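Right, one structure below, let's go through it.
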Amino acid sequence: MIPRFFCPFPLHPGAHVELTAEAAHHALKVLRVGAGDTAILFDGRGGQWRASLHPAGKSLRATLETFEDRDCEPPLDLTLVQALPSSDKMDFVVQKAVELGVRRIQPVAAKRSVIRLAGERAERRVEHWRNVAIAACEQSGRNRVPAVAPILDLTQYLGMAAQENGLRLVCAPGVAARLRDLAPAEAPISLLVGPEGGFEDAEILAARAAGFHAIGLGPRVLRTETAGLGAVAAMMALWGDW
2 MIPRFFCPFP
12 LHPGAHVELT
22 AEAAHHALKV
32 LRVGAGDTAI
42 LFDGRGGQWR
52 ASLHPAGKSL
62 RATLETFEDR
72 DCEPPLDLTL
82 VQALPSSDKM
92 DFVVQKAVEL
102 GVRRIQPVAA
112 KRSVIRLAGE
122 RAERRVEHWR
132 NVAIAACEQS
142 GRNRVPAVAP
152 ILDLTQYLGM
162 AAQENGLRLV
172 CAPGVAARLR
182 DLAPAEAPIS
192 LLVGPEGGFE
202 DAEILAARAA
212 GFHAIGLGPR
222 VLRTETAGLG
232 AVAAMMALWG
242 DW
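Here it is, written out as structure tokens:
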């Protein structure tokens with residue numbers, strides 16, 4: 002498989018670019034690329050470039066050769082709104098959500114969220130998740146990097162969501178409504194998923210007041226890192242490109 006690398010700057014025809022230190026290290030030490038090898042470069046604006054690689058010590062340069070107008074974006078405009086889970090589960094959620102095709106990821110802090118992040122610590126964690134999203138794009142073939150938004154308090158997010166258009170869904174165990182009962186989605190979709198222990202009753206009521214429709218995900222209780230990803234996969238099968 003041809004290696005793929007994200008470039009955090011615009012790419013242009015015939016350009017000679019230097020890969021980031023992290024990408025160069027991975028390519029040289031892990032993938033063992035050599036002079037003249039081919040790679041795919043993308044800058045997140047859509048499409049990708051075939052390029053030839055030129056190692057120079059610890060650095061790795063690339064010469065752009067051919068542009069390919071190729072994207073793997075599903076027709077479904079889906080935002081995953083994930084209440085912060087414990088440990089490094091959010092890394093897993095971000096990685097798999099990007100692979101499945103979500104366009105945006107909005108982390109929110111709910112009352113039962115175990116992790117509490119604020120200030121510089123929150124900024125560092127969001128930047129880490131953005132790098133996880135980039136790596137998932139490199140692996141999965143996506144050429145547009147989904148946005149990972151700054152962490153919001155759930156109440157703050159719901160106030161903003163109430164002003165938006167589109168279909169808003171919240172996962173709620175025990176609810177009879179199912180995804181298959183909904184009409185095919187053409188408008189943007191926001192899917193709200195709770196933390197370990199789920200949302201408190203007052204949070205579900207607040208979500209409903211903000212225009213969210215409660216949906217169930219079957220008779221089994223799913224973990225927070227499973228629920229959202231399972232629902233995303235189901236949406237891609239029902240309304241996306243699966």
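In terms of the numbering used here, the sequence shown is residues 2 to 243. A virtual CB, placed ideally from N, CA and C, is assigned to each residue, including glycine. Please read all numbers here as calculations on a predicted model, not as lab measurements.
Q) So does the stretch 162–171 actually touch the stretch 141–153, counting three or more Cβ pairs closer than 8 Å? A) no
Q | Sufficient close CB pairs (3 or more, under 8 Å) joining the stretch 117–124 to the stretch 19–28 | A | no
Q | Opening and closing residue of the beta strand (DSSP E) in which Arg62 lies | A | By 1-based counting over the sequence shown, the position of residue 62 is 61. Counting along the chain, the beta strand (DSSP E) containing Arg62 begins and ends at Ser60 to Glu69.
Q.
Measuring only from the beta carbon, is Phe7 closer than 7 Å to any heavy atom that is part of the ligand MG?
A. The ligand content of the structure shown is nil, which means the ligand MG is not present either.
Q. Alpha carbon to alpha carbon, what distance is there between Ala16 and Leu101?
A. Working through the sequence shown from its first residue, we reach residue 101 at position 100. Working through the sequence shown from its first residue, we reach residue 16 at position 15. Answer to the nearest angstrom: the Cα atoms are 32 Å apart.
Q | Distance CB(Val115)-CB(Leu230) smaller than 8 Å | A | The residue you call residue 115 lines up with position 114 of the sequence shown. The residue you call residue 230 lines up with position 229 of the sequence shown. Their beta carbons are not under 8 Å apart, which means Val115 does not touch Leu230 by this criterion.
Q) Using a Cβ-Cβ cut-off of 7 Å (strictly less than) and excluding sequence neighbours within five positions of Gly241, which residues of its own chain qualify? A) Locating residue 241 in the sequence shown gives position 240, counting from the first residue. Once the five neighbours on either side are set aside, the close Cβ partners of Gly241 are Pro75, Pro76, Leu77 and Gly102.
Q: Report buried or exposed for Arg125, applying the criterion of at least 16 other Cβ atoms within 10 angstroms of its Cβ.
A: Your numbering for residue 125 matches position 124 in the sequence shown. Exposed, by the Cβ-count rule.
**Q.** Three or more C-beta pairs below 8 Å linking the stretch 106–113 and the stretch 189–203
**A.** yes
Q. Between the Cα of Ala203 and the Cα atoms of Leu159, Leu61 and Gln140, which residue gives the shortest distance?
A. Stepping through the sequence shown from its first residue, residue 203 is reached at position 202. For the residues Leu159, Leu61 and Gln140, the minimum Cα distance to Ala203 belongs to Leu159.
Q: Report back the beta-carbon spacing between Val244 and Ala57 to the nearest angstrom; my notes put them in contact at under 8 Å.
A: Here the chain covers residues 2 to 243 and nothing more, so residue 244 does not appear.
Q) Where DSSP assigns a beta bridge to Leu81, which residues make up the other side? A) Within the sequence shown, the letter at position 80 stands for residue 81. For Leu81, which the question treats as bridged, DSSP gives the partners Ile106 and Leu192.
(Q) At the level of alpha carbons, what is the spacing between Ala178 and Glu128? (A) Along the sequence shown, read from residue 1 onward, the residue named residue 178 stands at position 177. Along the sequence shown, read from residue 1 onward, the residue named residue 128 stands at position 127. Answer to the nearest angstrom: the Cα atoms are 36 Å apart.
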